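One structure below.
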Amino acid sequence: MTRALPREEAPVRAGGGAADRLQRWLPRLVLGPTMITTVLFVYGFVAWTVLLSFTSSRFLPKYDFVGWLQYQRLLDNDRWSVASLNILIFGGLFILICLALGVLLAVLLDRQIRAEGAIRTVFLYPMALSFIVTGTAWKWVLNPGLGLEKLMRDWGFESFTFDWLVNPDMAIYTLVIAAVWQSSGFVMALFLAGLRGVDDDIIKAAQLDGAGLFTIYRRIILPYLRPVFFSAFIILSHIAIKSFDLVMALTGGGPGYATDLPATFMYTTAFSRGQMGLGSASAVMMLGVVLAILVPYLYSELRGKRHG
Numbered sequence: 093m094t095r096a097l098p099r100e101e102a103p104v105r106a107g108g109g110a111a112d113r114l115q116r117w118l119p120r121l122v123l124g125p126t127m128i129t130t131v132l133f134v135y136g137f138v139a140w141t142v143l144l145s146f147t148s149s150r151f152l153p154k155y156d157f158v159g160w161l162q163y164q165r166l167l168d169n170d171r172w173s174v175a176s177l178n179i180l181i182f183g184g185l186f187i188l189i190c191l192a193l194g195v196l197l198a199v200l201l202d203r204q205i206r207a208e209g210a211i212r213t214v215f216l217y218p219m220a221l222s223f224i225v226t227g228t229a230w231k232w233v234l235n236p237g238l239g240l241e242k243l244m245r246d247w248g249f250e251s252f253t254f255d256w257l258v259n260p261d262m263a264i265y266t267l268v269i270a271a272v273w274q275s276s277g278f279v280m281a282l283f284l285a286g287l288r289g290v291d292d293d294i295i296k297a298a299q300l301d302g303a304g305l306f307t308i309y310r311r312i313i314l315p316y317l318r319p320v321f322f323s324a325f326i327i328l329s330h331i332a333i334k335s336f337d338l339v340m341a342l343t344g345g346g347p348g349y350a351t352d353l354p355a356t357f358m359y360t361t362a363f364s365r366g367q368m369g370l371g372s373a374s375a376v377m378m379l380g381v382v383l384a385i386l387v388p389y390l391y392s393e394l395r396g397k398r399h400g
């Protein structure tokens, strides 16, 4: 009987070993196709774009190494200079105004006002729309012969003028108006969630010390929300850099190319003008900007978790 016990236990052990191996390999089998697809169709094409930026490719890829020629052509391109300046104007105003409005709206809603749920829904609704819909709607509103200017003149204000949409010097600010309208509600939701997470005991202690409401927000609550500020900045920067559909729907990059952004420049250069190498170089430049924003954020997050 003592000899039979190992023989009876052997199948159980073998079965347990197979089950353990299956349990270890099952997550890899499930995630494997997704990982392969991501590596191939995301990072693979990123690497391919970087490769094309060092070639003289035009309508079709051409693998002849020309060094930094495409980047030199890009920096000498007047249209790229306009697009770079526009992204600084658009991105800077868009991020600054969205942060300011988001904080203000979140603070007001945090005061437990009436119909808070309905008001929050109204401000969040634009975020549910695509930039194509937003751009089209604001194109109607800002059209001098159709929207706001015509409405005000029909009401008797004959001298009222609002022609930013067709004014090359002001058209870039119409993008800011539309983008802020869509995204400020989302920023409000981020800050409202952060405000609801502040410990009430800290606020009560400050009130007992005689601190006013403005001082509490300025010295205690807003510094506590620094991670929310950083996260909102990253998200808004990402939105600003990839605002291709908003530009195409609202201004089409015009008048002329007054509202060109790097995303529209890349698309037009690579697919409309048949300069794939130059378009790839502009895409790599955009990627560099994204990494310059993202890497410090990831570093601070990982550093905080390591020290935490």
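Here this note's numbering is used: the sequence shown runs in plain steps of one and ends on residue 400.
Built from N, CA and C at the ideal position, the CB exists for glycine as well.
Everything numeric in this text was worked out from a predicted model, so none of it was measured.
Taking the alpha helix (DSSP H) that residue i falls in, what are its first and last residues?
i: L243; result: 240 to 246
i: F249; result: Note, F249: premise wrong, no alpha helix (DSSP H); not H, not E.
i: L167; result: 161 to 167
i: A263; result: 263 to 288
i: D292; result: 292 to 300
i: A303; result: Here A303 belongs to no alpha helix (DSSP H), and DSSP marks it neither H nor E.
i: W51; result: In this structure the chain extends from 93 to 400, so residue 51 is not present and cannot be described.
i: A207; result: Here A207 belongs to no alpha helix (DSSP H), and DSSP marks it neither H nor E.
Going by C-alpha distance, which of the options is nearest residue i?
i: W172; options: L353, I295, T141, D202; result: L353
i: Y389; options: G289, H330, F322, I331; result: F322
i: P315; options: F283, M219, P218; result: F283
i: L201; options: G344, L191, G237, F215; result: F215
i: V320; options: V279, F223, L221, L121; result: V279
i: A341; options: I224, Y163, R165; result: I224
i: D337; options: A139, S222, L300, I189; result: S222
i: G344; options: L188, M368, P260, Q162; result: P260
i: A332; options: W232, S276, V142, G209; result: S276
i: A298; options: A285, L287, I313, R288; result: I313
i: V376; options: A110, L114, W160, K154; result: W160
i: F146; options: Y163, L152, F133; result: Y163
i: W232; options: I327, V199, F252, T266; result: T266
i: A281; options: A355, R120, V158, G209; result: G209
Whole angstroms is fine: what's the gap from residue i's alpha carbon to residue j's?
i: G124; j: V195; result: 42 Å
i: S364; j: T226; result: 24 Å
i: R310; j: A303; result: 11 Å
i: Y135; j: I294; result: 46 Å
i: P347; j: L386; result: 32 Å
i: F186; j: T351; result: 14 Å
i: V258; j: D156; result: 42 Å
i: G248; j: N178; result: 35 Å
i: Y217; j: F306; result: 29 Å
i: I264; j: I181; result: 8 Å
i: A324; j: S148; result: 39 Å
i: G239; j: E250; result: 14 Å
i: Y391; j: S374; result: 26 Å
i: V290; j: G237; result: 49 Å
i: L394; j: S329; result: 20 Å
i: L234; j: F254; result: 7 Å
i: A207; j: A220; result: 21 Å
i: R150; j: S372; result: 10 Å
i: N169; j: A139; result: 24 Å
i: V122; j: V382; result: 30 Å
i: L144; j: G369; result: 5 Å
i: R116; j: L132; result: 25 Å
i: K154; j: V142; result: 13 Å
i: R318; j: M244; result: 42 Å
i: R203; j: K242; result: 39 Å
i: I189; j: G183; result: 10 Å
i: L43; j: F357; result: A query on residue 43 cannot be resolved here, the shown segment of the chain reaching from 93 to 400 and no further.
i: I211; j: Q274; result: 15 Å
i: M262; j: V268; result: 11 Å
i: M378; j: Y359; result: 12 Å
Can you say whether residue i is buried or exposed, counting buried as having 16 or more other CB atoms within 10 angstroms of its CB?
i: A384; result: exposed
i: T213; result: exposed
i: M127; result: exposed
i: T130; result: exposed
i: G380; result: exposed
i: L118; result: exposed
i: W230; result: buried
i: V361; result: The question names Val, yet the displayed sequence has Thr at residue 361. The residue in question, T361, is buried, as its Cβ has 16 or more Cβ neighbours within 10 Å.
i: F137; result: exposed
i: V104; result: Interpretation of V104 is limited by its pLDDT of 46, a score under 50 that renders its predicted location unreliable; the figure taken from the coordinates is listed afterwards. The residue in question, V104, is exposed, as its Cβ has fewer than 16 Cβ neighbours within 10 Å.
i: A270; result: buried
i: Q367; result: buried
i: A175; result: buried
i: G286; result: buried
i: L114; result: exposed
i: A110; result: exposed
Determine whether the Cβ of residue i lies closer than 8 Å to any Cβ atom of chain D.
i: V195; result: The displayed structure is made up of one protein chain only, and chain D is not part of it.
4 or more residues per run - each alpha helix (DSSP H) lying fully within the stretch 334 to 396: 336 to 342, 354 to 359
Which residue spans inside the stretch 139 to 193 form an unbroken alpha helix (DSSP H) run of at least 4? 161 to 167
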